[in-house]
Structure formats: C-alpha cells, structure tokens
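With the first letter of the sequence shown counted as 1, position 394 gets the number 377 in our numbering; the numbers rise by one all the way through.
All residues carry an ideal CB built from backbone N, CA and C; glycine is no exception.
A short worksheet on the structure shown next.
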Amino acid sequence: MTFDEVLALDAADPLARHSNDFVLPAGTLYLDGNSLGCLPRAARQRAREVVEQQWGQDLITSWNRHDWITLPRRTGERIAGLIGAAPGQTICCDSVSINLFKLLAAALSLRPDRSIVLTQAESFPTDLYMVEGLQDLLGHSRCELRKVAETDIAQALDDDVAVVLLSQVNFRSGQAHDIAALTQKARENGALVIWDLSHSAGVMPLQLDTWQVDFAVGCGYKYLNGGPGAPAFIYAAKRHQEQIRQPLCGWMGHSAPFEFETDYRPDRGIEKFLTGTPPILSMSVLEAALDTFADCNPQQLRDKSLSLSELFLQLKSGQASLNELELASPADPTQRGAQLAFRHPEAYAITQALIADGVIPDFRAPDLLRLGFSPLYLSHQDIWHSITILTRIMTRETWRHPSHQTRQTVT
Ligand SMILES: *Cc1c(COP(=O)(O)O)cnc(C)c1O
C-alpha cells in the first residue's frame, strides 16, 4: 500500500466531509474517540447559546421557551435513529451505571421466579459492580450475579437466568457479540436481555426493534461525541413499558411532575425512567452533537471504521518493528467493533510515547494499547501517519524514556 493509494481511499470516502464538522487540534491524530469523542462544532455553538442566552438571559423561562423539559425525550429520539428503535422507547438520562441499576431492577421484577443475572467475566467493571450492589440490596434470592467466559454465555443460559447483561463490544478486545442471535437464545430460555451499547452506538449498525431486544443502555461521550460526562441513554421496548417499575422514582419520572402530588404515579411510557432534573448544559451539547449524524447511515459508519482499522493492520504488518505488538482483537473484522487492541508488556510507556508525539490512543491495564477508529473525523491518511510515528517509537525505543514510565491517575 502506497501513500497515494491511501489518499485515494480518502478521496472515495463518503464521510470525509464530516471531519469539517469537528474542532480538531492541529497536529493531533486522535485514536481515542472510543473513550471521549472529539468536539463537534455544533456542540460548541450550542454550549455558547445555552450558557449565554438560555441560562444567562432567559433563565427559568427557558424550561418552556427553549423546551428544556422535553430535552431528554428529544435527545433520546435522535439516538433512537442510530440504534434501530421506533419512537417512544429511547430516553437520555443519567450515566450508564445508574441506568443499568434502573433496568436491572425493572427486568428482575419481570422474572420474579428467577434470580440470576448472567454476564461475562470480561464485562466493563461498572456493569458488574452495579449488579453486585443490587445483589446486596435485594439479597441473593432475588439477584445473583453469574460471571462466565465470553464463549460460555449460551451454554450458561438455564431456567434460573432472569436477565442476560452483556456489552455488544468488549471494551478491551473489541470482540463483538451477535446481538440478534444471543437475544433470541435468551428469549427461548425465558430470560430478558440488557445490552450495553457504550462501544456500539454511533458506530455499529443496530436494529434493536427488529432483534426484539428488551432493554439497552449506552454512552453519550464515546462515539456519540457528546462531551466529557455527557448523559447516557436507555432503550426499553414498548411491550414492557406499562408493566415495569424502576426503583429510582424521582419527580421527573412521575406522570405529572408539576402537579406535585404526594404519591408516586409513574409515567406510563419511557419517561418513567427519568429520575431527577436533566443536566441541561451537557444534554443540550449532546443533542447538538447528534446533528452530525443526521445524514449518515450506521452502515456507512461501520464500513468506514472497518476500512480504517483494516488499513492499520495492513500497514502494521509491513513493519517488522511492530511485530512485537500482538493483536488482542479478533483478526476477522466482522467479529469486532471499531477498535483494535495490542498486547505488549510496555503498552503503558508506548501509549505515553505516542501521546508525546501527537498520536492519542489509550492504555488498558494490564498490557493493552487500545486504538479507536471513529469514522466521522479520522481519515486514512491519519492512519498512515499514526503507523509512521508508532514505527519510529518502536524502532528507536523512545518509550524507554523515564517520563513515559510514570503511571498517571487516568489511563
Ligand atoms: C464507558 C462505559 C460505561 C460508562 O459508564 P458510566 O456510568 O456512564 O460512566 C459503562 N459500560 C461500558 C461497557 C462502557 O464502555
């Protein structure tokens, strides 16, 4: 592969024009959109408007004048378009962790004669911790965490499993599950599913309605580019909404919050998953960030991210000095999400050396260098340059410099 061939890939890329939608720091190759997406221009503009005009000038009247009150629902419906959900089933609120708590409790109450929450041991830790917390609260007879290896999920589905909780894309390896197949298998065994789409929304083509998924959560600050700490989302299939109750009964989930009634009467639809007042600043910014997705279909996003990661692997295989970085992700692109992970005993120092040279990936303990291939703002040229820089670091062993060895708080 020559640089001219790489340029030709960019010239043919239908998403290339979207890089103009983002504020990208000069001289930075950003391969960490799976941890924190880049800043969309529309989001920056909205932040200014919301702070200066809506909050600064219009104050409390903005709840009506700028429709703050329907922001969770509006933002949810924009996300719905990216996850294959018909209207009325997706809402933006809280963090993934809090949303998992609400959904786990709701789902368990739909299966009162079962107690197991089945998940994979390699889950993102917060997903495991939230089940543990609920287990302490409800007791093991009502909630029992069962962790199995990624490959053993299907066999572990027995009559005691109430809920299967899984991330579509493994946050370390990028290994992707087949949501349709596992959801069907769970249903045949009488279990409900909760899919964590944190590493999927905005980059994987999803058809939650078609696949008859029960519940899902996802993250606003990764591929959706909603900004640091952006609120998350919940999907709850229409067929479950009437009967379920979630335990964090706050006034925003009440069917008439401004009646200020003494007793809790949940909203009958997706709004019952709201708890407290929405974070207007950050949710407005996320809503604007979703504008960038308005005219791209999820399959295009998927094709582009795979084209970038396949190019990375191809260019890497041409550099002998990169052989010691061992692929920890599936080599088959259909089996992985939009990231690649490489194992190396010095992965932390290599990550630091890359950052010092303007390439931003991240490190995941104990020994993974992780690279995200966000399709809206990365080009094939960026991948070429990243490989050049990585090759230089590995050949010259600049990662050995003491300044790259000190572990910082956030990796
Ligand atoms: C990023 C991520 C989260 C984040 O959870 P928060 O509570 O929103 O911080 C949860 N689960 C997975 C799989 C993630 O990748």
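Pick from the options that is closest to residue i, judged by C-alpha positions
i        : options                         : result
Ala26    : Gln158, Arg383, Gly209, Gln138  : Gly209
Gln158   : Pro316, Ser45, Gln167           : Pro316
Gln299   : Ile253, Ala314, Gln190, Asp286  : Before going further, note that residue 299 is Lys rather than Gln in the sequence given. When only C-alpha atoms are compared, the closest one is Ala314.
Pro249   : Val100, Leu(-2), Leu83, Ala89   : Ala89
Gln364   : Val342, Asp350, Leu351, Thr378  : Val342
Thr11    : Glu225, Ile366, Ser386          : Ile366
Tyr218   : Arg353, Gly201, Ile227, Gln229  : Gly201
Ala68    : Gly203, Ala332, Gln195, Pro214  : Gln195
His387   : Asp340, Gly355, Thr374, Phe356  : Asp340
Val131   : Ser106, Asp110, Val114          : Ser106
Leu22    : Ala(-1), Tyr360, Asp278, Gln190 : Tyr360
Leu101   : Trp382, Val176, Ile62           : Val176
Val(-11) : Ile370, Gln224, Asp161          : Ile370
Start-to-end residues for the beta strand (DSSP E) that takes in residue i
i      : result
Gln103 : 99 to 103
Lys130 : 127 to 131
Asp345 : 345 to 347
Thr73  : 73 to 76
Check: residue i C-beta below 8 Å from any heavy atom of ligand 1
i      : result
His182 : yes
Lys205 : yes
Phe107 : yes
Phe198 : no
Asp15  : no
Ile62  : no
Ser150 : yes
Ser80  : yes
Ile126 : In the sequence on display, residue 126 carries Cys and not Ile. No.
Cys395 : Since the first and last residues shown for the chain are -16 and 394, residue 395 lies out of range.
Phe243 : no
Asp110 : yes
Asp179 : yes
Cys202 : yes
Ala215 : yes
Phe154 : yes
Cβ separation of residue i and residue j, assumed to be a contact under 8 Å, to the nearest whole Å
i      : j      : result
Leu257 : Gly233 : 7 Å
Ser124 : Ser92  : Between Ser92 and Ser124 the Cβ distance is about 14 Å, and since that is not below 8 Å, they are no contact.
Leu310 : Phe325 : 6 Å
Phe198 : Leu86  : 5 Å
Residue i (DSSP reduced to helix, strand or coil)
i      : result
Gln322 : strand
Pro23  : strand
Val393 : coil
Phe84  : helix
Gln405 : Here the chain comprises residues numbered -16 to 394, so residue 405 is not present and cannot be evaluated.
Ala219 : strand
Gln138 : helix
Leu231 : coil
Arg353 : strand
Leu207 : coil
Ala184 : coil
Residue i - containing alpha helix (DSSP H), residue span
i        : result
Trp367   : 363 to 379
Arg170   : 162 to 171
Trp46    : 45 to 48
Phe295   : 281 to 300
Asp(-13) : -14 to -6
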